[in-house]
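Accompanying notes for the structure given below.
Residue numbers (my numbering): 166 to 489.
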C-alpha cells in the first residue's frame, strides 16, 4: 500500500470531499495563498478558487462565527485554526452557537461544520501555544471530538467529519504532520465511536490518543521482552467513545493505564478513569492509573518541556508497578 504523511492524508481528504460536494469550503488564516501554515491545504486554492478556499484576517471569533452561519444555511464549512490554542478566541461561537443550535432550534437547524487544526505541544512554543484542549470540547454536549494518530485515521476520520451533520472538533498534532503510514487509494470512511487496537496483549489495557499512541506502542514492544503484554487501544474518537471495546479489554486484562499529554485535573483521562471505575470495578485488580502532563504551564526550555510530557520511561515505570 502507498505511504502518505498525515499532512498528505489530510490534504487528500479535503480535496476529495471538496470535489465531491460543492457545499464544502475551507476557511482560516493562511489556508489559501500560503497553502496553510503547515501546508495541509497545499494546492487547494489553485484547484478550487478563492470562493471555496478563503483566507481570513487574524480573527478567530469572526471566522468561526461566519462558519456557523454558513453551516446553518446549508453549506459545509471547514474552519482551520492555525493552532487550537487560538480557538479560545472563538470558543463562544463553538460552544454557545455550533454545539447548541440544533437543540435550541428544536431541530430546525443542523450545523455541519468541522473545526480543525493542530493541538498539543511541539517544539519550544511555550505556555500559550502548547496546550492540549480536547477536554474543553469533550465536556460540551453537541460536539464530537476526534484525535487521529496515523495517516490512515486522519484521512478516514476527516472525511467522516466533513459529511457529519453535527459540529466536529478535529484535533491534529503538529508534531505528527510528517509521520508516514499506509493509506489506501480507494475511498473509505472511519465511523466515529470506533477505537483501534494498535497492539494486542492480556496483562494491561493502555488507553491513548494522538501522539501518546506511538509512545505507548514503543512501550508495549519494550515490555513484551520483559514478559508484560499490553493491549494498546487508540481512542481516536473521544466523543462519541467506543465504550464496548474499552470494556472488553478491561474485563480481559483487569488493569488499566491511561496516557495523555493534557493536564491531569478534569482531563479526558480522569473522565475515562471514572467511567471505568464505575462500570468495570468488579473486573479491576488495581486502581486505574492516569499518566498525564504535569500540572503546570508549558515552559519554553527544551529540557523542561520534555519533562512536562509523559515519556516512554515514565509510562513503562507505571505499567511495571501496575502489573507487579
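Note that the Cβ used here is the ideal one computed from N, Cα and C, for glycine as well. Remember, it's a predicted structure, so these values are computed and weren't measured experimentally.
Can residue i and residue j be called in contact, C-beta distance under 9 Å?
{"i": "residue 326", "j": "residue 171", "result": "no"}
{"i": "residue 285", "j": "residue 295", "result": "yes"}
{"i": "residue 426", "j": "residue 479", "result": "no"}
{"i": "residue 313", "j": "residue 357", "result": "no"}
{"i": "residue 401", "j": "residue 359", "result": "yes"}
{"i": "residue 388", "j": "residue 370", "result": "no"}
{"i": "residue 219", "j": "residue 238", "result": "no"}
{"i": "residue 372", "j": "residue 411", "result": "yes"}
{"i": "residue 458", "j": "residue 428", "result": "yes"}
{"i": "residue 293", "j": "residue 466", "result": "no"}
{"i": "residue 315", "j": "residue 378", "result": "yes"}
{"i": "residue 217", "j": "residue 183", "result": "yes"}
{"i": "residue 324", "j": "residue 178", "result": "yes"}
{"i": "residue 355", "j": "residue 281", "result": "no"}
{"i": "residue 368", "j": "residue 488", "result": "yes"}
{"i": "residue 475", "j": "residue 456", "result": "yes"}
{"i": "residue 403", "j": "residue 311", "result": "yes"}
Grab me the residues of residue i's own chain with a C-beta within less than 8 Å of its C-beta, minus the 5 sequence neighbours each way, in chain order.
{"i": "residue 203", "result": "172, 283, 339 and 342"}
{"i": "residue 464", "result": "291, 292, 470 and 473"}
Using 8 Å for Cβ pairs, my map puts residue i next to residue j. What's the rounded Cβ distance?
{"i": "residue 484", "j": "residue 422", "result": "6 Å"}
{"i": "residue 279", "j": "residue 169", "result": "About 20 Å; that fails the 8 Å criterion."}
{"i": "residue 205", "j": "residue 250", "result": "Actually they do not touch by this definition, with Cβ atoms about 17 Å apart."}
{"i": "residue 330", "j": "residue 307", "result": "Going by Cβ atoms, the distance from residue 330 to residue 307 rounds to 12 Å, so no, they are not a contact pair."}
{"i": "residue 264", "j": "residue 305", "result": "5 Å"}
Between which residues of its own chain and residue i is the CB-CB distance below 7 Å, once the five residues before and five after are set aside?
{"i": "residue 242", "result": "190, 192, 232, 235, 236 and 278"}
{"i": "residue 419", "result": "448, 449 and 450"}
{"i": "residue 254", "result": "225 and 226"}
{"i": "residue 399", "result": "314, 360, 361, 363, 373, 374 and 378"}
{"i": "residue 445", "result": "412, 415 and 416"}
{"i": "residue 221", "result": "192, 193, 194 and 228"}
{"i": "residue 350", "result": "167"}
{"i": "residue 240", "result": "188 and 190"}
{"i": "residue 321", "result": "353, 354 and 355"}
{"i": "residue 198", "result": "210 and 220"}
{"i": "residue 345", "result": "168, 169, 170 and 316"}
Sorted by chain position, which residues of the same chain lie with C-beta nearer than 6 Å to residue i's C-beta, five sequence neighbours on each side aside?
{"i": "residue 384", "result": "477, 480 and 481"}
{"i": "residue 266", "result": "274 and 276"}
{"i": "residue 381", "result": "371, 373, 397 and 424"}
{"i": "residue 407", "result": "358, 359 and 360"}
{"i": "residue 174", "result": "316, 319, 320 and 348"}
Does residue i pass the burial test, meaning 16 or more other C-beta atoms within 10 Å, or should it be called exposed?
{"i": "residue 442", "result": "exposed"}
{"i": "residue 438", "result": "buried"}
{"i": "residue 352", "result": "exposed"}
{"i": "residue 362", "result": "exposed"}
{"i": "residue 302", "result": "buried"}
{"i": "residue 460", "result": "exposed"}
{"i": "residue 185", "result": "exposed"}
{"i": "residue 166", "result": "exposed"}
{"i": "residue 268", "result": "exposed"}
{"i": "residue 223", "result": "exposed"}
{"i": "residue 212", "result": "exposed"}
{"i": "residue 390", "result": "exposed"}
{"i": "residue 201", "result": "buried"}
{"i": "residue 366", "result": "buried"}
{"i": "residue 409", "result": "exposed"}
Can at least three beta-carbon pairs, one atom from the stretch 258 to 272 and one from the stretch 431 to 439, be found at a separation below 8 Å?
no
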